[in-house]
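S.K.: The structure is given below, and queries will be raised subsequently.
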Amino acid sequence: MSARANTRGYAQSQSGWLFALPALALIGVFFLLPVIGALLLSFTDFDLYALADVGNLRIVGLHNYHTLLITPMFWKALGNTTVFVILGVPLSLIASLGAALLVDSRLTRFKDFFRTALFAPVVTTLVAVALIWRYMLHTRYGLINYLLTHLGLPAIDWLGDPHWSMPAIVLLAVWKNFGYNMIILLAALQNIPEDLYEAARLEGASAWHCLRHVSLPLLVPTLTLVSIITVSGYFQLFAEPYVMTQGGPLQSTVSVLYFMFEQGFKWWNLGFASAVAFVLFALILVLTLLQLRLARRLGET
Amino acid sequence: MGVEAEVLAQLLPEFERTHPLVKVEIQQLAWTAAHEKLLTAVAGDATPDLCQLGNSWIPELVALKALEPLATHLASSREIQAEDYFSGVWQTNTVDDTLYAVPWYVDTRLLFYRRDLLKAAGFDAPAQTWSGWLTQLRAIKRMVGPQRYAVLMPLNEFEPLQILALEQSEPMLREGGRYGNFRSESFRHALGFYRDLFAESLAPTMTNQQVANVWNEMGKGFFSFYISGPWNIAEFKRRLPPELQSSWMTAPMPGPDGPGVSNAGGSSLVILHSSKHQQSAWELLEFLSTPAIQQRFYELTGDLPPRRSSWQGGAIATDPYTQAFRTQLERLRTFPQVPEWEEIMQEMRIMAERVVQGQQDVNSAVTAFDAQVDDMLAKRRWMLARQQNKAAATP
Numbered sequence: 000m001s002a003r004a005n006t007r008g009y010a011q012s013q014s015g016w017l018f019a020l021p022a023l024a025l026i027g028v029f030f031l032l033p034v035i036g037a038l039l040l041s042f043t044d045f046d047l048y049a050l051a052d053v054g055n056l057r058i059v060g061l062h063n064y065h066t067l068l069i070t071p072m073f074w075k076a077l078g079n080t081t082v083f084v085i086l087g088v089p090l091s092l093i094a095s096l097g098a099a100l101l102v103d104s105r106l107t108r109f110k111d112f113f114r115t116a117l118f119a120p121v122v123t124t125l126v127a128v129a130l131i132w133r134y135m136l137h138t139r140y141g142l143i144n145y146l147l148t149h150l151g152l153p154a155i156d157w158l159g160d161p162h163w164s165m166p167a168i169v170l171l172a173v174w175k176n177f178g179y180n181m182i183i184l185l186a187a188l189q190n191i192p193e194d195l196y197e198a199a200r201l202e203g204a205s206a207w208h209c210l211r212h213v214s215l216p217l218l219v220p221t222l223t224l225v226s227i228i229t230v231s232g233y234f235q236l237f238a239e240p241y242v243m244t245q246g247g248p249l250q251s252t253v254s255v256l257y258f259m260f261e262q263g264f265k266w267w268n269l270g271f272a273s274a275v276a277f278v279l280f281a282l283i284l285v286l287t288l289l290q291l292r293l294a295r296r297l298g299e300t
Numbered sequence: 000m001g002v003e004a005e006v007l008a009q010l011l012p013e014f015e016r017t018h019p020l021v022k023v024e025i026q027q028l029a030w031t032a033a034h035e036k037l038l039t040a041v042a043g044d045a046t047p048d049l050c051q052l053g054n055s056w057i058p059e060l061v062a063l064k065a066l067e068p069l070a071t072h073l074a075s076s077r078e079i080q081a082e083d084y085f086s087g088v089w090q091t092n093t094v095d096d097t098l099y100a101v102p103w104y105v106d107t108r109l110l111f112y113r114r115d116l117l118k119a120a121g122f123d124a125p126a127q128t129w130s131g132w133l134t135q136l137r138a139i140k141r142m143v144g145p146q147r148y149a150v151l152m153p154l155n156e157f158e159p160l161q162i163l164a165l166e167q168s169e170p171m172l173r174e175g176g177r178y179g180n181f182r183s184e185s186f187r188h189a190l191g192f193y194r195d196l197f198a199e200s201l202a203p204t205m206t207n208q209q210v211a212n213v214w215n216e217m218g219k220g221f222f223s224f225y226i227s228g229p230w231n232i233a234e235f236k237r238r239l240p241p242e243l244q245s246s247w248m249t250a251p252m253p254g255p256d257g258p259g260v261s262n263a264g265g266s267s268l269v270i271l272h273s274s275k276h277q278q279s280a281w282e283l284l285e286f287l288s289t290p291a292i293q294q295r296f297y298e299l300t301g302d303l304p305p306r307r308s309s310w311q312g313g314a315i316a317t318d319p320y321t322q323a324f325r326t327q328l329e330r331l332r333t334f335p336q337v338p339e340w341e342e343i344m345q346e347m348r349i350m351a352e353r354v355v356q357g358q359q360d361v362n363s364a365v366t367a368f369d370a371q372v373d374d375m376l377a378k379r380r381w382m383l384a385r386q387q388n389k390a391a392a393t394p
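Protein chains in written order, with numbering that gives the first Met the number 0: chain H, 0 to 300; chain D, 0 to 394.
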């Protein structure tokens with residue numbers, strides 16, 4: 000009896016594997032192999048000279064990782080990226096949650112219009128947007144400084160002062176990306192059954208209580224997902240500094256990924272760049288696991 | 000690349016008429032992406048027959064063994080004579096005494112300046128020495144006040160400092176491009192001069208992006224001098240209003256103690272080693288190098304021809320703004336021909352920005368930078384040592 004069940008289970012799992020095979024093969028060829036290749040590459044000094052003649056390739060073991068850890072520019076890039084994540088992720092989550100609640104509210108008119116308008120930055124090209132933002136952030140002609148000086152505040156050299164360049168990038172990135180999370184949160188909000196609110200209101204709950212005790216607890220799984228996606232996405236900051244500042248001023252907007260890009264594709268130090276990629280990968284993995292654990296704790300209480 | 004590829008399409012029918020068996024296909028690349036794309040093309044074995052190349056990239060592609068040596072073609076050519084080319088730019092096409100490319104156009108940099116503002120400050124023409132120039136810059140600064148500047152040296156460009164360093168007697172690398180030589184008296188002098196321009200507020204601590212529109216700003220007198228290249232002649236002609244057209248001019252670089260040298264930038268034409276149409280590629284290269292074609296090319300693009308005979312006719316012979324370039328082209332200095340050069344220059348720019356912003360003094364900056372450059376050249380030293388050992392082993 001149990002033997003028969005086993006064979007049937009075996010046959011079933013075999014056909015299951017068979018069905019999954021095409022997808023697995025694709026993942027293997029286009030994801031796993033390159034990743035393994037890059038890992039191997041990170042133990043070599045693959046560079047321009049090695050590209051010309053493989054004889055110039057040297058196996059260097061952990062040398063790239065060691066060099067990386069003593070390169071000040073890497074630590075600076077990691078610091079910049081961390082600042083970006085710490086400033087950007089909460090801002091982005093608050094902005095998307097706020098926007099989702101506003102668009103979801105029954106008091107809002109022209110919902111479709113707002114939903115589209117707030118989502119629009121996500122689908123516009125960053126390069127075009129960056130051009131506009133460069134003018135908005137311009138020290139002497141920019142709209143933002145115009146408003147600041149009107150309020151009696153000093154004008155800020157947004158893209159020229161190393162203390163303000165990262166906040167400027169955060170501003171751009173949050174504005175550009177919050178619409179995406181907004182749509183996800185909006186869908187979750189609309190999934191919350193109306194009778195829960197009704198019951199709460201019958202008990203005399205205010206709008207704030209409804210938000211605090213009905214909407215937010217039910218949004219926790221979605222918020223976890225959104226924050227994990229946002230953190231890992233923001234750690235991969237690249238395009239914004241690439242088009243806005245090229246890493247300047249004083250390397251204050253060089254992110255880890257930007258550093259990797261320059262090493263890999265500008266100077267062709269592919270071995271070293273692969274090492275950067277794996278360090279970043281390990282970092283994001285650890286952070287995601289931490290977040291998941293934290294979310295599970297939150298869910299239990 | 001860029002506008003050159005568009006213009007080339009207009010010149011090619013003439014070539015195809017005289018060479019009926021050859022069909023030329025052009026692939027256009029954006030300058031900003033060209034370097035990456037070319038290296039990827041070499042890695043993926045998808046190179047063209049003939050290619051335009053920024054001449055600072057030549058050592059890199061030579062290291063990749065991607066370029067065909069041109070000596071034999073040159074020896075039998077009636078069209079191209081090395082002596083007719085400006086020697087500074089011809090040298091950038093030669094790596095370890097082997098010719099790999101023929102210059103197509105030159106991008107050297109020199110002074111663009113506001114004649115009227117210089118005149119108002121009490122000078123008829125830009126000085127030819129650093130000290131004279133400094134006097135002029137200070138006079139302009141006194142005249143225009145704290146909100147304006149005398150010269151623009153964008154912090155995102157390494158070229159201005161590179162030129163100041165090239166003007167010095169000692170080279171930036173030593174022992175055949177094996178080690179950095181940035182702690183030399185020469186480089187420290189150049190970096191000190193550069194830093195002082197910012198420290199005295201003669202130059203704004205700004206990048207091009209922050210200035211946003213350099214042509215407008217020069218028109219408004221935000222700065223009076225700007226170190227830039229020939230592509231800006233057309234831009235200034237087009238973007239400055241008619242009443243300002245007579246108030247700007249170009250002048251050769253001033254040097255530490257007399258007329259200065261400048262960098263030998265520009266584009267060259269190369270034949271790729273993997274090409275199956277070497278002879279046709281060479282014929283096209285010759286066609287593009289004839290003075291008549293180069294003069295028309297200048298009229299269409301504003302790119303300056305690299306050979307003296309091309310300067311003797313057409314619009315280029317009479318344009319007032321190009322004459323300073325003609326003078327400067329006789330005084331070019333080649334940067335070290337190592338593949339790591341561009342990376343070294345980018346890092347130099349970063350180092351110089353720290354010095355300008357007061358985060359590091361000149362002496363400690365150049366010492367640390369030399370160590371950094373030595374690291375970048377470590378692989379090159381290893382390769383050169385290995386080649387020497389091999390050469391010694393084979394009798």
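Idealized CB from N, CA, C, for every residue including glycine.
Just the chain D side, please: which residues come within less than 7 Å of H/S51 by C-beta, in chain order?
M.R.: For the record, residue 51 of chain H in the displayed sequence is Ala; it is not Ser. Those are A62, L63, K64, listed as they occur along chain D.
S.K.: Output needed in chain order: residues of the segment 155-179 of chain D with a Cβ under 7 Å from some Cβ in chain H.
M.R.: N155
S.K.: In angstroms, rounded to a whole number, what distance separates the CA positions of H/V59 and D/G87?
M.R.: 40 Å
S.K.: In chain order, what residues of the segment 58-82 of chain H put their CB closer than 8 Å to some CB of chain D?
M.R.: From the segment 58-82 of chain H, no residue has a Cβ closer than 8 Å to chain D.
S.K.: Pair every Cβ in the segment 268-276 of chain H with every Cβ in the segment 36-53 of chain H, then say whether three or more of these pairs are closer than 8 Å.
M.R.: yes
S.K.: Starting from the Cα of D/L303, find the closest Cα among D/L154, D/T326, D/L66, D/W281 and give me that residue.
M.R.: If we check each option's Cα against that of D/L303, D/T326 comes out closest.
S.K.: Closest Cβ-Cβ distance between D/T206 and chain H: below 8 Å?
M.R.: yes
S.K.: Nearest by alpha-carbon distance to D/A367: which of D/L239, D/N180, D/D318 is it?
M.R.: D/N180
S.K.: Provide the residue(s) that pair with D/L20 in DSSP beta bridges, ordered along the chain.
M.R.: DSSP output for D/L20 lists no bridge partner at all.
S.K.: Please list, in chain order, the chain H residues whose beta carbon lies closer than 7 Å to that of D/Q356.
M.R.: L249
S.K.: Taking C-beta pairs closer than 8 Å, name the residues in chain D that H/R133 reaches, listed in chain order.
M.R.: Q208, A211
S.K.: Are any of the Cβ atoms in chain D nearer than 8 Å to that of H/T124?
M.R.: no
S.K.: What residue does the alpha helix (DSSP H) around D/S75 start on, and which one ends it?
M.R.: First-last for D/S75: undefined, no H or E at that position.
S.K.: Looking only at C-alpha atoms, which of D/G301, D/A391, D/Q127 sits nearest to D/D318?
M.R.: When only C-alpha atoms are compared, the closest one is D/G301.
S.K.: Please name the residue or residues paired with D/M248 in a DSSP beta bridge.
M.R.: For D/M248, which the question treats as bridged, DSSP gives the partners D/Y112.
S.K.: Give me the Cα-Cα distance between D/A391 and D/W381, rounded to the nearest whole angstrom.
M.R.: 15 Å
S.K.: I need the straight-line Cα distance from D/F197 to H/L100, nearest angstrom please.
M.R.: 51 Å
S.K.: At what residues does the alpha helix (DSSP H) containing D/G218 begin and finish?
M.R.: Run containing D/G218: 213-218, per the alpha helix (DSSP H) assignment.
S.K.: Can you tell me whether H/M0 is buried or exposed, with buried defined as 16 or more other CB within 10 angstroms of its CB?
M.R.: Residue confidence is low: H/M0 scores 48 on pLDDT, short of 50, so the model does not pin down where it sits. Its coordinate-derived value is still stated next. When all chains shown are included, H/M0 counts as exposed.
S.K.: Short of 6 Å in beta carbon distance, which residues of its chain neighbour D/M152, apart from the five on each side in sequence? Order them along the chain.
M.R.: P159, A202
S.K.: Tell me the DSSP secondary structure of H/G8 in three-state form.
M.R.: helix
S.K.: Could you tell me which uninterrupted beta strand (DSSP E) segments, each at least 3 residues in length, are contained entirely in the segment 22-72 of chain D, listed from first to last along the chain?
M.R.: Entirely contained in the segment 22-72 of chain D, the beta strand (DSSP E) runs reaching 3 residues are, in chain order, 49-53.
S.K.: Against chain D, with Cβ distances strictly below 8 Å, would H/Q290 count as a contact?
M.R.: Cβ-Cβ to chain D under 8 Å: no for H/Q290.
S.K.: Quick one: grab the DSSP three-state call for H/M0.
M.R.: Bear in mind that a pLDDT of 48 at H/M0, under 50, signals an unreliable position, so the model cannot answer this.
S.K.: Would you mind sorting H/L68 into buried or exposed? The rule is 16 or more other CB atoms within 10 Å of its CB.
M.R.: exposed
S.K.: Under 6 Å Cβ to Cβ from H/A129, same chain only, skipping five residues before and after it: list those, please.
M.R.: V242, M243
S.K.: Tell me where the beta strand (DSSP E) around H/S41 begins and ends.
M.R.: Where H/S41 is concerned, there is no enclosing beta strand (DSSP E), because DSSP gives it neither an H nor an E.
S.K.: Taking only the alpha-carbon atoms, compute the straight-line gap between H/A206 and H/S91 and give it to the nearest angstrom.
M.R.: 23 Å
S.K.: Taking the C-alpha atoms as reference points, what is the distance between H/L282 and H/V255?
M.R.: 11 Å
S.K.: I want to see whether chain D comes within less than 8 Å of H/W267, judged by CB atoms only; does it?
M.R.: yes
S.K.: Specify, as a first and last residue, the run of the beta strand (DSSP E) that D/F224 falls within.
M.R.: 224-227
S.K.: Could you check if D/L163 is buried or exposed, using at least 16 other CB atoms within 10 Å of its CB as the buried criterion?
M.R.: With 16 or more Cβ atoms within 10 Å of its Cβ, D/L163 is classed as buried.
S.K.: What residues from the segment 142-171 of chain H come within 7 Å of chain D, judged by C-beta to C-beta, listed N to C?
M.R.: L158, G159
S.K.: Could you tell me how far apart the beta carbons of D/A149 and D/F224 are, in whole angstroms, since I believe they sit closer than 8 Å?
M.R.: 6 Å
S.K.: Suppose the cutoff is 6 Å on Cβ atoms and the five residues either side in sequence are ignored; what does the same chain contact list for D/H72 look like?
M.R.: W281
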